[in-house]
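Take our numbering: the final residue in the sequence shown is number 458, and no numbers are missing along the way. Inspection log for the structure reproduced underneath, given as structure tokens.
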Amino acid sequence: MKIGEIIDNKQRSLSFEFFPPKDEPGETQLFENIHRLETLQPTFVSVTYGAGGGTLKNTHNIIERILRETSLNPMPHLTCIDQSKTELRRILKDYRSLGVDNVLALRGDPPKGTDKFVAPKKGFCHANDMVALAVAVGGFSIGVAVYPEGHMESPDPETDMYYTRMKIEAGADFGITQMFFDNRFYYDFMERAAKAGIHIPIIPGIMPITDVGRIKRFSQRCGAALPDYVEKRFEKVTTPQDGKKVGIELATEMCADLLKNDVFYFHFYTLNQSDFVLEVVKNLGLQEFGGK
Ligand code: FAD
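Laid out in structure tokens, this is it:
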């Protein structure tokens, strides 16, 4: 089912992101967690592509398995990295023939071991071209990435907003944000987006923090600020269990504040786990936001 239409109808959404595991035990564990999260009847689930070394085949297999074995509405991520326009068209058509109705159209992160995006031969350099291609193939509800704190390569927030708008005008139905740890970045972005004429749903991406050191490295790489007060909350943490408890508290507080400010869309970066998300969703009654 098309995510854009569901969100338009329901004006709310609950969704989860997974990444393709590297081996069979990882996949077994992932599907155990997918089945646990399926009980929440999310609006959609998404599967990353390429980030951290995953291949197209991995993403495709996980999407195919989700369609075959669950009642979930899957959305593959697709990037421009190392791919010609012809190949991207073939991949999109293949997803359509599988029965996939949604795609997250991305430029992509540079592959592992490199830090600069390299223009692919006969391919695209920006997500707006991928959006246009998905529109041309037809049948998709299209999502794009947005950056409340600005994209790392953008010279300033205005330029970033200009290009964000460009990919939305190319045909995106909704955006999903990069992780952020201070809701003020999201509220400020939404205000600036509205002024720039952006009115599609922008779904906040919620990243669980259980291991603060790991998240700090992660957030530095993608330009998301980790506020001091968040780090302070982890100062007395000595065990992974304590870390998880603090992380659940923080995510619950963050989502409660979003709810208080009339935000009714939630996308969780699950890191292929389920306990954390189940707990936060239960704390806030967010299961009511799911459904198709
Ligand atoms: P773009 O929108 O193309 O933007 C990239 C940069 O170019 C920005 O600085 C932008 O301002 C600028 N720009 C955009 N359009 C133009 C234009 N037409 N001309 C000139 N400049 C332009 N990465 C992966 O590899 N795999 C994933 O599965 C993945 N999933 C993600 C999911 C979400 C929700 C998010 C937020 C990010 C994800 N990423 C993923 C990371 C993403 O690929 C990187 O942040 C990447 O660096 C930019 O991708 P983009 O689609 O935002 O690119």
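The beta carbon of each residue, even a glycine, is placed where N, CA and C say it ideally should be. Model, not experiment: these values are computed from the prediction.
Spatial neighbours of glycine 170 in its chain, beta-carbon cut-off 7 angstroms, leaving aside the 5 residues before and after: Ser307, Asp339, Phe340
Could I get the ranges of all uninterrupted beta strand (DSSP E) runs contained in the region 400-454, with 3 residues as the minimum, in chain order? 431-435
Whole-Å CB distance - alanine 298 paired with alanine 359, under 8 angstroms assumed: The pair is not a contact, with the Cβ atoms about 20 angstroms apart (cut-off 8 angstroms).
Evaluate serine 179 with the Cβ neighbour count: other Cβ atoms within 10 Å of its Cβ, from every protein chain shown; 16 or more gives buried, anything less gives exposed. buried
May I ask you to verify whether the region 420-436 touches the region 393-410, counting CB pairs closer than 8 angstroms and requiring at least 3? no
Within its chain, find whatever has a CB closer than 6 angstroms to the CB of asparagine 224; leave out the 5 residues flanking it on each side and keep chain order. Pro186
Which same chain residues end up closer than 8 angstroms to valine 403 when comparing Cβ atoms and leaving out the 5 residues on each side of it in sequence? Val378, Gly409, Val412
Is threonine 252 buried or exposed, if buried means 16 or more other CB atoms sit within 10 Å of its CB? exposed
With 16 other Cβ atoms within 10 Å as the buried cut-off, status of lysine 287: exposed
Does at least one heavy atom of ligand 1 sit under 7 angstroms from the Cβ of lysine 333? yes
Mind checking which residues open and close the beta strand (DSSP E) that includes threonine 214? Looking at the DSSP string, threonine 214 is not in any beta strand (DSSP E), and its letter there is neither H nor E.
Option nearest serine 250 by Cα separation, candidates Gly289, Asn227, Phe283: Gly289
Would you tell me roughly how many angstroms separate the C-alpha atoms of valine 310 and proline 406, rounded to the nearest one? 34 angstroms
Taking 7 angstroms as the cut-off, is the CB of glutamine 207 close to at least one heavy atom of ligand 1? no
Pull up the distance between the alpha-carbon of leucine 264 and that of glutamate 230, whole angstroms please. 7 angstroms
Whether asparagine 199 touches serine 385 by CB criterion (8 angstroms): no
Taking only heavy atoms of ligand 1 into account, decide whether any of them is closer than 7 angstroms to the Cβ of glycine 274. yes
Which term fits serine 181, buried or exposed, when burial requires 16 or more other beta carbons within 10 angstroms of its beta carbon? buried
For a test of the three-state rule: what should DSSP assign to histidine 243, helix, strand or coil? strand
List, from N- to C-terminal side, the alpha helix (DSSP H) runs of 4 residues or more that fit wholly inside the region 288-338. 293-303, 323-335
Return the first residue and the last residue of the beta strand (DSSP E) that phenylalanine 340 is part of. 340-343
With serine 179 as the anchor, note down where its beta strand (DSSP E) starts and where it stops. 179-184
Run through DSSP, which three-state label would leucine 238 get? coil
Proximity to phenylalanine 442 [Cα-Cα], best of Val312, Asp423, Ala422, Met373: Met373
Can you tell me which of Lys458, Pro321, Phe434, Asn438 puts its alpha carbon nearest to the alpha carbon of valine 447? Phe434
How close, in whole Å, do the beta carbons of leucine 203 and threonine 245 come, if the pair is a contact with beta carbons under 8 angstroms? In fact, because the Cβ distance is near 24 angstroms, the residues do not count as touching under 8 angstroms.
Which residues does DSSP list as the beta-bridge partners of leucine 272? Thr245
Closest residue to methionine 356 among Tyr313, Met345, Asp322 (Cα-Cα distance): Tyr313
What are the boundary residues of the alpha helix (DSSP H) that methionine 373 is part of? Looking at the DSSP string, methionine 373 is not in any alpha helix (DSSP H), and its letter there is neither H nor E.
What are the residues that DSSP puts in a beta bridge with isoleucine 368? Gly341
What is the rounded straight-line gap between the Cα of glycine 304 and the Cα of lysine 168? 12 angstroms
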